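Structure, as structure tokens:
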Amino acid sequence: MESDMSNVSRTGKEEINNATSPNTFGKSVESQAQIKDAAAQASPDAGGEMLNIYRLEPIAAPDDPRWDNSPGHGTVVVAARTPGDARIVAAARELDFMEVDAAPAEDVTTVNASAFRDDKLYTVIEIDRDRRDVKRGILDGAVTVDTIRPVQSD
Numbered sequence: 001m002e003s004d005m006s007n008v009s010r011t012g013k014e015e016i017n018n019a020t021s022p023n024t025f026g027k028s029v030e031s032q033a034q035i036k037d038a039a040a041q042a043s044p045d046a047g048g049e050m051l052n053i054y055r056l057e058p059i060a061a062p063d064d065p066r067w068d069n070s071p072g073h074g075t076v077v078v079a080a081r082t083p084g085d086a087r088i089v090a091a092a093r094e095l096d097f098m099e100v101d102a103a104p105a106e107d108v109t110t111v112n113a114s115a116f117r118d119d120k121l122y123t124v125i126e127i128d129r130d131r132r133d134v135k136r137g138i139l140d141g142a143v144t145v146d147t148i149r150p151v152q153s154d
């Protein structure tokens with residue numbers, strides 16, 4: 001039995017396998033392109049972060065029962081990195097249980113229950129790309145903060 005803790009085993013008379021590859025990190029064409037892109041985006045001359053513009057539109061019928069759990073806000077236009085990021089940007093504007101004295105339990109958040117994050121309620125449509133003149137956030141449309149409904153009236 002060998003004394004080292006390696007997962008590499010040697011059988012027969014072939015060369016010792018040290019579980020390494022002859023590839024060098026960062027030397028592939030893809031890696032070089034990613035490094036170049038990152039340097040260009042990080043350049044002081046680059047301006048703001050490269051963002052895309054997305055329109056989030058409700059696609060479910062008004063009587064769809066999913067709206068009972070996640071109220072809609074109509075069409076919203078956001079500047080974001082990706083379509084998934086657009087959903088996160090829009091959902092972040094909603095009021096969360098963690099921000100009020102209505103938390104149902106410790107460390108329970110309602111962020112993931114947003115209608116914006118449900119692909120059956122909202123679709124994301126890219127309307128412009130590679131913009132540096134906008135900041136990540138909502139550009140048009142209103143996101144109300146009344147997504148948390150009280151269970152008791154005052």
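So the sequence shown is residues 1 to 154, counted in our numbering.
Backbone N, C-alpha and C define an ideal beta-carbon position, used for all residues, glycine too.
This one's a predicted model, so the numbers in the text were calculated from it and none came from an experiment.
Considering only residues of the same chain and omitting the five flanking positions on each side of residue i, which have a CB-CB separation below 6 Å?
| i | result |
| --- | --- |
| aspartate 128 | Ile53 |
Which two residues bound the contiguous alpha helix (DSSP H) that contains residue i?
| i | result |
| --- | --- |
| aspartate 85 | 83 to 91 |
How far does the beta strand (DSSP E) with residue i in it extend, from its first residue to its last?
| i | result |
| --- | --- |
| aspartate 130 | 122 to 131 |
| alanine 142 | Element bounds for alanine 142: n/a, residue is neither H nor E. |
| arginine 55 | 51 to 58 |
| alanine 79 | 76 to 80 |
Would DSSP call residue i helix, strand or coil?
| i | result |
| --- | --- |
| arginine 66 | helix |
| valine 29 | helix |
| alanine 115 | helix |
Do you know whose CA, among the options, lies nearest residue i's CA?
| i | options | result |
| --- | --- | --- |
| proline 71 | Asp140, Ile88, Tyr122, Asp130 | Tyr122 |
| threonine 75 | Arg55, Glu94, Asp64, Ala91 | Arg55 |
| glutamate 49 | Ala90, Asp130, Val124, Thr144 | Asp130 |
| leucine 51 | Glu94, Val89, Ala113, Arg93 | Val89 |
| threonine 144 | Arg93, Asp63, Lys135 | Arg93 |
Only counting the same chain, and skipping five residues up and downstream in sequence, which positions put a Cβ closer than 8 Å to that of residue i?
| i | result |
| --- | --- |
| leucine 139 | Ile53, Val77, Val78, Ala79 |
| isoleucine 59 | Lys120, Leu121, Tyr122, Thr123 |
| alanine 113 | Asn69, Ser70 |
Review point. For the segment 80 to 97 against the segment 117 to 124, are there 3 or more C-beta pairs whose distance is under 8 Å?
Key: yes
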